């Protein structure tokens, strides 16, 4: 085992409350300094987790995030502030984390976490903290961690509820695929953008992820291997569900059939559709050009009525997605139908339904009203 790095006098003062904790002490603090974590995303979960890991003195923190700060992030993504809107999240996160603890080494990866780079990125760190918001990336982080024998600290949030566990088959627990063997059907699980999330919830779940990460680094306590911790914010309850290793798991089971991070789940789009199976789509730029040209278009909005405040495309007909089966007769079958929602997920489901219902010329408006509002017109 390599020699642990020493603590400077400033670090000894900074971590004084750690040094007096049984199970941590000076040796534990030096373990934290010698440890590294790769954080996938600096969003709702990644922000609080990164703050606490930096403050705790984790020596090296890798951050993956290609996105820019949007004003809608500020309700829950506490690393970022108003002055950073429109700027890279990584720069915002790094500035705040360096202010929290200048002793921490930050490595910034302004890229998407993909099957092409996952193995290389994960191999550089001791632990992965998964703060992503889509199923394909969760499968990817799980698979890369399995092949490289790294713990994956998992968290997820939805409205008022959250979940935390550690996937680490090499430590005796199940993997993510034991809990979720395959991708959910496209659109069957709404994103946080569609369903909403109470801003404080990711603070609870992200902090729990940071706790489990620190425990793993220190080698103390019992990580939740084979245990899914579920938090119900509305009723202020925690409960644990038993997760068992699945002998038939395609990744960590007795007869695995997945031997690479390149597979159908990890290569799917964020909406859970496999590349090549996406519905027909039109960009907001092309749609705007056709509207400006005076074309008589049938544009269908499948959002809820209360979402109209976010913006409207001129001439839109509103039929919320849940009402579509009952009102499909209102939609012309002999015209091209341009369908949009907030970001493109619900409208993609609507397009598939319309095609199956005998309206072959239904087209998804890529990016939805979010992309429309971002147009410079």
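In full-length UniProt numbering, the protein residues as written are 1 to 377. For each residue, glycine too, the CB sits at the ideal point set by N, CA and C. From a predicted model like this one, the values you see are computed outputs, not experimental measurements.
Proximity of the stretch 38–47 to the stretch 57–66 meets the contact definition, three or more beta-carbon pairs being nearer than 8 Å.
In its chain, beyond the 5 residues on either side, 38, 128, 144, 145, 148, 150 have a beta carbon closer than 7 Å to the beta carbon of residue 122.
When the alpha-carbon of residue 199 is set against those of 72, 26, 31, the nearest one is in 72.
The stretch 41–87 contains, as complete alpha helix (DSSP H) runs of 4+ residues, the segments 46–56 (chain order). The shortest C-alpha to C-alpha distance from residue 11 to any of 26, 22, 258 is the one to 26. Taking a cut-off of 8 Å on C-beta distances, the stretch 327–334 touches the stretch 348–368, as three or more cross pairs fall below it. Under the DSSP assignment, residue 178 falls in the alpha helix (DSSP H) whose first and last residues are 176–179. The DSSP-derived three-state label of residue 219 is coil.
Along the UniProt domain "Rhodanese" (293–377), the beta strand (DSSP E) occurs as fully enclosed runs of 3 or more residues at 298–301, 316–318, 337–340, 362–365, listed in sequence order. The count of Cβ pairs closer than 8 Å, one atom from the stretch 337–356 and one from the stretch 302–319, reaches three, so the stretches are in contact. Sorting 369, 113, 317 by C-alpha distance to the C-alpha of residue 311 places 369 at the top.
Inter-segment contact for the stretch 233–249 and the stretch 177–184 is present: three or more beta-carbon pairs are separated by less than 8 Å. Put simply, the stretch 154–169 touches the stretch 204–220. At least three CB pairs are less than 8 Å apart.
Annotation for residue 261: no alpha helix (DSSP H) segment contains it, and DSSP assigns it neither H nor E. For residue 204 against residue 279, the beta-carbon gap comes to about 36 Å, at or over 8 Å, which does not count as contact. Nearest C-alpha to residue 306 among 367, 230, 342, 285: 342.
Counted as a single uninterrupted DSSP element, the beta strand (DSSP E) harbouring residue 128 occupies residues 127–130.
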